[in-house]
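In terms of my numbering, the sequence shown opens at residue 935 and continues consecutively. Here is the structure we will look at, set down as structure tokens.
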Amino acid sequence: LIETNCNGLLSIFDDFANMFAMKLLLNAISTAGHVMSGTVLHNRMINVRVSNDKLFYRSIGMVQDFGNVDFEIGKQCLLISIYGEDKYKEKENDPVSKHLIAATDVNKIVPVAILLAS
């Protein structure tokens, strides 16, 4: 009886180890794809879809970090990448929710904002 239970546990452990190894392999493939497509900078995913409040402020933080700028300049660069250089000034004081709506149709917002800040 004890031997049967041990074999069952070993079988479950082997299954778990195989699934975990597969997860690590798939994560490595996914990461390599992101690196090759240019969406990773210094081990951080920069092609973030600015779709909620948290991601809006996280994006500003990335612009601050990579562009070595303060919060206001980071926000300004992010808004320029959303609206364009001629329209961002009139939208600057709008609530974040309006920026999120405007950002839904724009691609590569954060990478462009980082370049603007550099």
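From the three backbone atoms N, C-alpha and C, an ideal C-beta is built for every residue, glycine too.
Does DSSP put Val1044 in a helix, a strand or coil?
-> helix
Exposed or buried, Leu935, counting other C-beta atoms within 10 Å across all chains shown (16 or more means buried)?
-> Unreliable positioning characterises Leu935 in this predicted model, as indicated by a pLDDT of 49, which lies under 50. A coordinate reading is not provided.
Rounded to whole angstroms, what's the CA-CA distance from Ser964 to Val982? Just pull it up for me.
-> 16 Å
Three-state class that DSSP yields for Val974 in the structure shown | strand
Might you give, ordered along the chain, the residues of its own chain that have their beta carbon closer than 6 Å to the beta carbon of Cys940, omitting 5 neighbours on each side?
-> none
Do Ile980 and Phe1000 have their CB atoms nearer than 9 Å?
-> yes
Pull up the DSSP beta-bridge partners for Met979, would you.
-> Val974
Is Pro1045 buried or exposed, if buried means 16 or more other CB atoms sit within 10 Å of its CB?
-> buried
For my contact list, Val984 and Ile1043 are in at a C-beta cut-off of 8 Å; report their separation, rounded to the angstrom.
-> 5 Å
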